[in-house]
Amino acid sequence: MPPRDLSLPKVDDVDTRSLISMQELDPSPVSEEFGDIENGGFFDKAQDTPAHGGLSLPKLGLRGHNWDSWLSAIQRYSTYPPTLFFTLHFANTSLIPLMTRSVPAAENYLLLTRPLYQSPSLEHAILTVPILAHVTSGIILRNIRSSRRARLYGAETRSQRYSLSFWPRMTLQARLGYMLVPLVGAHVLVNRVVPLMVDGGSSGVGLGYVAHGFVRSPVFWNVYYLIFVAVGVWHIVGGWANWMGWRVTTARKERIHKKGSLEGYLGHADSEQRMKKQRKIWWIVNGIAVIGTSVWLAGALGIIGLGGQGSGWEASSWDGIPKPMWLNSLKRFQSLTIFRSIVGNIRPEFLGFSHPLTVYAVTHSRSGIVPPRYYSVSSLMEDPTAADGASRLVQHDGQEYQAVKEGRAYILNPPTQAAASKGTKKDLKPEDQSQSVFYNPIQQFNRDLSVLAIKAYGEHVLALKKLKAERKRNGSGRGKKRKREDEEDKEQTHGDVEQPSAANGNLGSSVSTSDQQTPSFTILDALSATGLRALRYASEIPFTTCVVANDLSSSAIQRMKTNIEYNGLGKLIRPNLGDARAYMYSLLNQPSTQNSGIHAGKFDVIDLDPYGTAAPFMDAAVQGVKDGGLLCVTCTDAGVWASNGYPEKAYALYGGVTIKGSHSHEGGLRLILHGLATSAAKYGLAIEPLLSLSIDFYARVFVRIHRSPAEVKFASGNTMLVFNCDSGCGAWTTQPLTQTKQRLDKKGNPYYHYGFAQGPIAGTHCEHCGFKTHVGGPMWAGPLHNPHFIQKILDMLPDVDRDIYHTVERIEGMLTTALEEDLNLDTISSSAPTGTLAAVEELTEVSTSSEYSAIVPRSDPAIRDPFPFYFTLSSLAKVLHTSTISADAFRGALRSLGYRSTRSHAKPNTIRTDAPWDVIWEIMREWVRQKAPVKEGAIRPGTPGAAIMAKSRENSGKGKGEDSFERLRKELMSAAESGKDISDLVTKVEATIYRSGHRHPPGIQGAELRQQAEGPRPLQTAPAVKQDLSTLQVIFDEALGREASHSKKRLVRYQINPRANWGPLNRASG
């Protein structure tokens, strides 16, 4: 047998650690100190080539790596996105609550930042996938290390490695990481999985939801979050310290202290200096972890944990969800999936929550199914799931429905069509897309507002009828007016219709009716679908005598009849199958009769709520409503009337072209009103906008229709074109189609003269920036609102039942903002409006009486909105490439110059003002000069900003080389040469002296000067001499700007979309 090769290795090849084998040691591997590869610490720096057993990629000019190297890299870099997520989450759940000291206030910031890191797609990209990669790579790396340890013990075959395979002792970071897995899983289950299975999403989960859970189960959730936060923060901080080389936790250090070890003599023992450094690192890392944990728990447990339960209907809805009945549910829902039966009946109290989402349960009794109880979803702001979130499965006529309550009405929604109310087309199954009619919870604000608006108008109608009846008894009527009133009375025959007790609303009417007869008040819901609007009008407006619910779909009529029967409103609501246009046209030649609930003739109110545009129904609707009747119109095609993508479509539907810019939504409202005005004018009918709102993705207008050929003459004067600098600075100029001037006859009585308007008052290029202007319109140029009508609705709100009207806060905020849009609001509120027509004057005088205070005065048809449209401060700052000025500072600057300003309801951070555009741009130039200088080169030549900044005060005197006296002399000479007469010369000389630096005389304010210059003319022409803008003293006084606000009350003026897929649902089919 050949001798073995006993050649000794070279001295350089001897590993000093092999000398440990001279000791008497227990069996152990030859080497056990590999890099901590389960934490991403394995990078073989000693080898330049990959191991033979690994998968290598040696090409492409890079050094090859084996599997454990790639897995270590994945585990390391997969921690970056979750760290970013947890940083934002730490700010929203701890820092912001600590700063605001309020859960509702902190929830506002959570809603603002949620799209940045908690959107459904982004959340999975930066959290779910990286965490799964981190955990999976750690487990695989630990298995690799276990296999290597087995080989070190002598295992050569695979079976031997499996028999000796075991996981190495875990470090503290590894233990914390594996502890986080069940903790994160429980958090995801409560806040994501259960809401997703129950309600289709987790957008309703917020800080208020968590705070309520703390109150319900304080011990469980305090202990859970204490452990969760502590483990999570220590793992994240320790992990990052480990990546940066600050290793402070090791699994085994006992070998250093082994008795008899030779390591201390071989250079492997830590020196005194190294031990001090390790202790310092240990204190730093753990100190950061302690501080982070304490701050996070202070916000989470100290603020959110003590936030308490919701108030009012919020707490009652959360606490009132009944306990699940597991056995009955499983028996009842055998046809449904097992998962839905289980998830739908999860007991919310088990986790400490009464979940603010849909809970399906059926309560059985001996007599059958007990009528369900309904609960609402809570939210900081208006949440439309307050209606559909309260749905319950019930039985009616042997069929199962989801009963949904909104207001005082209930609708029955088949379970197969429930998904149609909760998502977009891509979220629906094929069987759900075939639904014919559906319940749309997003429109709850629209329906709440409509009920209150029609109620305010109905009280006006009843008071007006009482006034006419009293005058008729007293014989005060005379002439043609008396004859016309008699004809109207014949059309409006009183009906004796018994009203059920459900119709007794809580809003007390200021109008007393006759005990023998009930004045008729009829409503047409022309496009009724499920009949929900008709149900609410009949059940919540106490003086309603008849509601006709029309729809073209036979399936919708069948659903409507079921809902009417379930609500017990068969005596008030009459379904009608047919085309809404044909039905409204059929009313023209029918007398108003109402016998046994059958209505014929025109209606007091017609409500148009179509899918998309209401333009095809406008012509029939203006003719189907009574004289002085109310027309409620909804248009959901904002992509047409509020965008610049389809100007030809907008003209075809509404008779005008859209405008481009931030003010496009108000332009859309004026296009819709223009379409109504032109449709009505052909029949001698005039419109009076009572309330015009741009809400979310749709427009809602309330218009009063008057039969008055004399008022129709004002239609052309209330129509305008808009020259819009949409490609440049965003300024605009309006051009009325005709001029309406007030004159005096021979007897001194005023009358109106209608004539042509002067040719284009704006050039082809913008006078401010030099860019091209585009034409928009024609569109409505009159007022958008009747302030008295808005005030009637606002006066109702303190007395309404907020358990019925869930959107009262938003209604109050939006109506208050709309009311404040009128820059002449102070004048209107201090004195009653007086119109030029006899009817307007008479109605105004009557409305001042307390007995007839419900009457809404008519606005003057000759009034044109002098300052239409709004602009956003961000768009102004974008043109000049500067920081955005605050609204208070800008309004303060306007007020210091004598101009008025307010905001618009359509968009936040908007300004409506009576200041001309040259003054607006002068304020922005001064903002750049005084407060926010622009970096040199930021404004490129040839841009709108460059043209505007070229008129700045620094550039106005460059290259002239003249003193102020010489400039004044030349201007005076020019004024003397161009003067036509003495008065014209005096005007120009005074203007020249004023521009030289002399301000207006003491005691006269800028607003008074403008009022004297403008005079009573409805159309202001350009002045002969323009004001020198460089003489304006612009002061950015934020305190003065805050005083310009009409309302000091905190209001929900602009709501953020409270859930995902916020917008119109799919068009109904069938």
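One rule links them: number in the working numbering = place in the sequence shown (from 1) + 206. Glycine is no exception: its CB is placed at the ideal position from the N, C-alpha and C atoms.
Fill in: Pick from F1073, Y857 and E1027 that is closest to V981, judged by C-alpha positions
Stepping through the sequence shown from its first residue, residue 981 is reached at position 775. Among F1073, Y857 and E1027, the Cα nearest to that of V981 belongs to Y857.
Discussion item. Just list the residues that DSSP pairs E1132 with in beta bridges.
Written reply: The residue you call residue 1132 lines up with position 926 of the sequence shown. Beta-bridge pairing links E1132 to no other residue.
Fill in: Coil, strand or helix - R1256 by DSSP
Position 1050 of the sequence shown, counted from the first residue, corresponds to residue 1256. Reduced to three states, the DSSP call for R1256 is coil.
Practice prompt. Determine the burial state of M1179: buried for a count of at least 16 other Cβ atoms within 10 Å of its Cβ, exposed for fewer.
Written response: Against the sequence shown, residue 1179 aligns to sequence position 973. Classification of M1179: exposed, given that the 10 Å Cβ count is below 16.
Worksheet entry | Contact check, A339 vs S284, beta carbons under 7 Å | In the sequence shown, the residue the question calls residue 339 occupies position 133. In the sequence shown, the residue the question calls residue 284 occupies position 78. Their beta carbons are under 7 Å apart, which means A339 touches S284 by this criterion.
Practice prompt. Find out if the Cβ-Cβ distance for the pair I332, Y315 is shorter than 7 Å.
Written response: By 1-based counting over the sequence shown, the position of residue 332 is 126. By 1-based counting over the sequence shown, the position of residue 315 is 109. Their beta carbons are not under 7 Å apart, which means I332 does not touch Y315 by this criterion.
Discussion item. By the three-class DSSP mapping on this structure, what secondary structure does G493 have?
Written reply: On the sequence shown, residue 493 is found 287 positions in, with the first residue counted as 1. In the three-state DSSP reduction, G493 falls in the helix class (H, G or I).
Worksheet item: In whole angstroms, what is the alpha-carbon distance linking H602 and L783?
Response: The sequence position of residue 602 within the sequence shown is 396, counting from 1. The sequence position of residue 783 within the sequence shown is 577, counting from 1. Cα to Cα, H602 sits roughly 23 Å from L783.
Discussion item. Distance check for R1131 and A1156, CA to CA, integer angstroms please.
Written reply: Reading the sequence shown from its first residue, position 950 is the one you call residue 1156. Reading the sequence shown from its first residue, position 925 is the one you call residue 1131. Computed Cα separation, rounded: 10 Å.
Discussion item. Could you compute how far the alpha carbon of S296 sits from the alpha carbon of G498?
Written reply: Within the sequence shown, numbered from 1, the residue matching residue 296 stands at position 90. Within the sequence shown, numbered from 1, the residue matching residue 498 stands at position 292. Position check: residue 296 holds Phe in this sequence, whereas Ser was assumed. Spanning the two alpha carbons is a distance of roughly 9 Å.
Item to complete: Take the Cβ of A392 as the centre, count every other Cβ of all protein chains shown within 10 Å, and call the residue buried at 16 or more, exposed below.
Response: Here residue 392 corresponds to residue number 186 of the sequence shown, with the count starting at 1. It is exposed - the Cβ of A392 has fewer than 16 other Cβ atoms within 10 Å.
Worksheet entry | Collapsed DSSP secondary structure at M985 in the structure displayed | Within the sequence shown, numbered from 1, the residue matching residue 985 stands at position 779. Annotated three-state conformation of M985 is strand, per DSSP.
Item to complete: Could you check if F249 is buried or exposed, using at least 16 other CB atoms within 10 Å of its CB as the buried criterion?
Response: Looking up residue 249 in the sequence shown gives position 43. Any reading at F249 needs caution, since the residue's pLDDT is 40, under 50, leaving its predicted position unreliable; the model's value is listed next. Its Cβ having fewer than 16 others within 10 Å, F249 is exposed.
Worksheet item: Roughly how many angstroms separate the alpha carbons of G1151 and F1096, rounded to a whole number?
Response: In the sequence shown, residue 1151 corresponds to position 945, counting from 1. In the sequence shown, residue 1096 corresponds to position 890, counting from 1. The straight-line gap from Cα to Cα measures roughly 18 Å.
Fill in: H971 classed as buried or exposed, judged by whether at least 16 other C-beta atoms fall within 10 angstroms
Counted from its first residue, the sequence shown places residue 971 at position 765. By the 10 Å Cβ count, H971 comes out exposed.
Worksheet item: Exposed or buried, what is Y431 when buried is set at 16 or more other beta-carbons lying within 10 Å of its beta-carbon?
Response: Counting from 1 along the sequence shown, the entry for residue 431 is found at position 225. By the neighbour-count rule (16 or more Cβ atoms within 10 Å), Y431 is buried.
Discussion item. Quick check on F962: buried or exposed, where buried means 16 or more other Cβ atoms within 10 Å of its Cβ?
Written reply: Reading the sequence shown from its first residue, position 756 is the one you call residue 962. By the 10 Å Cβ count, F962 comes out exposed.
Fill in: Nearest neighbour of N930, chosen from A740, F1075 and S1110 [CA to CA]
Stepping through the sequence shown from its first residue, residue 930 is reached at position 724. Nearest C-alpha to N930: F1075.
Worksheet item: Between L896, W452, I893 and S900, which lies nearest to W198 when the distance is taken from Cα to Cα?
Response: The shown model of the chain, from 207 to 1276, leaves out residue 198, and the question about it has no answer.
Item to complete: From the DSSP output, in three-state form, read off Y957 for me.
Response: Start at 1 with the first residue of the sequence shown, and residue 957 comes out as number 751. Here Y957 sits in strand by DSSP.
Discussion item. Can you list, in chain order, the residues of its chain with a C-beta nearer than 7 Å to that of L1257? Leave out the 5 residues immediately preceding and following it.
Written reply: Looking up residue 1257 in the sequence shown gives position 1051. Closer than 7 Å at the Cβ level, and outside the excluded window around L1257, lie E1018, G1019 and T1022.
Worksheet item: At least one CB of chain D closer than 7 Å to the CB of E1026: is that the case?
Response: Protein chain content of the structure displayed is limited to a single chain, and chain D is not contained in it.
Item to complete: Could you check the C-alpha separation between L277 and Y286 for me, to the nearest Å?
Response: Mapped onto the sequence shown, residue 277 falls at position 71. Mapped onto the sequence shown, residue 286 falls at position 80. Taking the straight line from one Cα to the other gives about 15 Å.
Discussion item. Could you check whether Y1058 and R659 sit closer than 7 Å to each other, using their CB atoms as the reference points?
Written reply: For this step, residue 659 is matched to residue 453 along the sequence shown. For this step, residue 1058 is matched to residue 852 along the sequence shown. Going by the sequence as given, residue 659 is Ala instead of Arg. Going by C-beta atoms, A659 is not nearer than 7 Å to Y1058.
Practice prompt. Inspect the beta-carbon positions of A916 and H974 and report whether they are closer than 7 Å.
Written response: Looking up residue 916 in the sequence shown gives position 710. Looking up residue 974 in the sequence shown gives position 768. Their beta carbons are not under 7 Å apart, which means A916 does not touch H974 by this criterion.
Worksheet item: So, I779 versus A827, is the Cβ gap smaller than 7 Å?
Response: For the purposes of this step, residue 779 is taken as the residue at position 573 of the sequence shown. For the purposes of this step, residue 827 is taken as the residue at position 621 of the sequence shown. Not closer than 7 Å, so no.
Practice prompt. Note down the Cα distance separating L347 from W273, rounded to an integer number of angstroms.
Written response: Looking up residue 347 in the sequence shown gives position 141. Looking up residue 273 in the sequence shown gives position 67. Rounded to the nearest angstrom, the two C-alpha atoms are 9 Å apart.
Practice prompt. Below 7 Å CB to CB, which residues in the same chain sit around I1069 once its five sequence neighbours on both sides are set aside?
Written response: Along the sequence shown, one-based indexing puts residue 1069 at 863. G988 and P989.
Worksheet item: What residues in its chain sit with their C-beta under 8 Å from that of G1221, if we drop five residues either side in the sequence?
Response: Taking the first residue of the sequence shown as position 1, residue 1221 is located at position 1015. Caution applies to G1221, whose pLDDT of 38 falls short of 50 and renders its modelled position unreliable; the value that the coordinates give is listed next. Only residues of its own chain outside the window of five on either side were considered, and among them none has a CB closer than 8 Å to the CB of G1221.
Discussion item. Buried or exposed, going by whether 16 or more other CB atoms sit within 10 Å of the CB of R485?
Written reply: Position 279 of the sequence shown, counting from 1, holds the residue named residue 485. R485 should be labelled exposed.
Discussion item. If contact is defined by three or more beta carbon pairs under 8 Å, each pair taking one atom from either stretch, is the segment 1112-1120 in contact with the segment 938-945?
Written reply: No, because fewer than three Cβ pairs between the segment 938-945 and the segment 1112-1120 fall closer than 8 Å, the two stretches do not touch.
Worksheet item: Which one or two residues does DSSP pair with D813 in a beta bridge?
Response: Indexing the sequence shown from 1 puts residue 813 at position 607. Answer by DSSP bridge pairing, in chain order: D731 and C838.
Practice prompt. Pair every Cβ in the segment 812-824 with every Cβ in the segment 835-852, then say whether three or more of these pairs are closer than 8 Å.
Written response: yes
Item to complete: Drop a sphere of 10 angstroms on the beta-carbon of D731, count the other beta-carbons inside from all chains shown, and report buried for 16 or more, exposed for fewer.
Response: On the sequence shown, position 525 is the one that residue 731 refers to. Classification of D731: buried, given that the 10 Å Cβ count is 16 or more.
Discussion item. For Y957, count the other beta carbons within 10 Å of its own beta carbon; 16 or more makes it buried, fewer makes it exposed. Which is it?
Written reply: As a position in the sequence shown, residue 957 is number 751, starting the count at 1. Per the 10 Å Cβ criterion, exposed.
Practice prompt. Count the other CB atoms, across all protein chains shown, that sit within 10 Å of the CB of N773; report buried if there are 16 or more and exposed otherwise.
Written response: To locate residue 773, count along the sequence shown from 1; it is residue 567. Under a 10 Å Cβ-count criterion, N773 is classified as buried, with 16 or more other Cβ atoms of the shown protein chains found around its own Cβ.
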